[in-house]
Amino acid sequence: MKSILAIAAATLFLSAGAAFADPIEGNWKTESGETAAIASCGGSYCIKLKTGKYAGKQIGKMSVNGKSYKGSITDPADDKTYSGSASLSGGALKMKGCVAAIFCKTQTWSKL
């Protein structure tokens, strides 16, 4: 009986962790077709490419800022890092990278 209760408690604990995950966490399809994984890392959210030419490379780090996210984003092709922001709208994630807050590029990623 104790083992059944322990298994039930462990199952409840693990499922509760998933229920409290931030909506930005998970796998996202980028505009260029790669898969990017966003996961919690040290109080922020790290963005790492899972597929494509730069698979395994961390390309960003964002912190929660109200209902949006702010941090940095790196172009894996040239290793240049830009100030970045992200905002969620349903299953879409708008990623924005800027140079000097003037020249910006936006991509929309979709949740997988």
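The sequence shown: position 64 = 462 (the numbering used here), numbered continuously.
The C-beta atom is built at its ideal place from N, Cα and C for all residues, glycine as well.
This one's a predicted model, so the numbers in the text were calculated from it and none came from an experiment.
Per the coordinates, the alpha-carbon of C439 lies some 26 Å from the alpha-carbon of C502. Put simply, the backbone Cα of T472 is about 11 Å away from that of K494. Y467 is bridged by DSSP to V462 and A484. Residues of the same chain with a CB within less than 8 Å of the CB of G489, apart from the 5 flanking positions on each side, are S508 and K509 in chain order. Note that the C-beta distance between Y480 and M460 is not below 7 Å. Within its own chain, the residues whose Cβ lies closer than 7 Å to the Cβ of C496, once the five positions on either side in sequence are excluded, are Y480, S481 and C502, listed in chain order.
D473 has K478 as its beta-bridge partners, per DSSP. The alpha-carbon of A498 is positioned some 15 Å away from that of K468.
For Q505 against T428, the beta-carbon gap comes to about 7 Å, under 8 Å, which counts as contact.
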